[in-house]
Amino acid sequence: MYTGSSRVIDFDPSLLLGLLDLNTKNEVLIRRQISTMYLAVFNFWSALEFYNNGSIGKGKSKEPDDFLEVEFDSSMIGKKVDREIIALSTYRSACDHRVSNPAKNIIFIGKNPPIKIPSLILSNDILKKAHLSFATIIDLLKKKYGIP
0 MYTGSSRVID
10 FDPSLLLGLL
20 DLNTKNEVLI
30 RRQISTMYLA
40 VFNFWSALEF
50 YNNGSIGKGK
60 SKEPDDFLEV
70 EFDSSMIGKK
80 VDREIIALST
90 YRSACDHRVS
100 NPAKNIIFIG
110 KNPPIKIPSL
120 ILSNDILKKA
130 HLSFATIIDL
140 LKKKYGIP
């Protein structure tokens with residue numbers, strides 16, 4: 000089993016950037032890809048925090064590597080990726096917690112006060128915006144933690 004820096008490299012989602020189908024119009028595929036992007040970058044951040052920073056998570060199970068998504072979202076605010084994390088987190092919430100399209104009443108709770116988006120149409124344009132946000136956040140995390 001890998002630990003430390005080698006474990007962090009395994010979580011690096013950069014390879015995923017080129018594997019996504021950004022031309023799809025299929026709503027289900029759009030939803031799955033947006034969800035995958037968010038969770039991939041969240042897991043990368045969690046690994047960086049746990050293995051590189053020695054941070055301990057505050058998740059419900061009280062395990063040291065149990066991080067909350069709101070911790071991730073909040074940690075990105077003020078790091079020059081505010082728009083990107085708000086967009087990616089909001090899109091992911093719409094994809095994973097709403098069945099209708101347009102998704103209604105999505106809340107980004109990583110900022111105080113929370114941001115409420117009344118309606119969001121999940122489309123190919125949103126997928127492409129999510130992809131740009133995903134790439135920007137990966138780049139920021141790699142620079143912050145010195146990952147090549």
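Heads up, the sequence shown is in numbering that gives the first Met the number 0, so the first residue is 0 and it goes up one at a time.
Positions of the beta carbon are idealized from the N, C-alpha and C atoms, including for glycine.
Neighbourhood of residue i by C-beta distance below 8 Å, restricted to the same chain and skipping five residues each side
i       : result
Asn-22  : Asn-123
Lys-127 : Leu-21
Own chain, CB closer than 7 Å to residue i, minus 5 neighbours either side, in chain order
i       : result
Asn-100 : Glu-26, Ile-120, Leu-121
Ala-93  : Ala-102, Ile-105, Leu-119, Leu-121
Gly-145 : none
Phe-10  : Asn-42, Phe-43, Ala-46
Asp-95  : Ser-34
Ser-60  : none
Contact belief for residue i with residue j at Cβ below 8 Å, rounded distance in angstroms
i      : j       : result
Val-7  : Asn-51  : 6 Å
Glu-70 : Lys-57  : 6 Å
Glu-83 : Ile-136 : 5 Å
Closest residue to residue i among the options (Cα-Cα distance)
i       : options                          : result
Tyr-90  : Gly-17, Arg-31, Asp-65, Met-75   : Arg-31
Ala-102 : Ser-118, Leu-16, Lys-143         : Ser-118
Pro-113 : His-130, Ser-88, Lys-61          : Ser-88
Ala-134 : Val-69, Thr-35, His-96, Phe-107  : Thr-35
Asp-72  : Pro-63, Ser-60, Ala-86           : Ala-86
Ile-33  : Glu-48, Leu-15, Glu-62           : Leu-15
Gly-77  : Asn-111, Ser-92, Asp-11          : Asn-111
Asp-64  : Phe-41, Val-80, Glu-83, Ile-84   : Phe-41
His-130 : Ser-54, Ile-29, Leu-140, Lys-143 : Ile-29
Asp-138 : Glu-68, Phe-49, Lys-57, Phe-43   : Phe-43
Glu-68  : Lys-141, Ser-54, Gly-109         : Gly-109
Ala-39  : Lys-59, Pro-12, Ile-55           : Pro-12
Lys-79  : Gly-17, Leu-140, Asp-95          : Leu-140
Same chain only: Cβ atoms within 6 Å of residue i, ignoring 5 sequence neighbours per side
i      : result
Ser-45 : Phe-66
Exposure of residue i, with buried meaning 16 or more beta-carbon neighbours within 10 Å
i       : result
Glu-62  : exposed
Pro-147 : exposed
Leu-19  : buried
Ser-132 : buried
Beta carbon proximity, residue i to chain C, threshold 8 Å
i      : result
Arg-82 : The structure shown contains no chain C, having only a single protein chain.
Open item on the list: Restricting to runs no shorter than 3 residues, where is the beta strand (DSSP E) found entirely within the segment 85-147?
Closed with: Within the segment 85-147, the complete beta strand (DSSP E) segments at least 3 residues long are 102-107, 114-119, listed from N- to C-terminus.
- [ ] Note down, one range per segment and in chain order, each alpha helix (DSSP H) of at least 4 residues found wholly within the segment 41-79.
- [x] As far as the segment 41-79 is concerned, its whole alpha helix (DSSP H) runs of at least 4 residues are 68-75.
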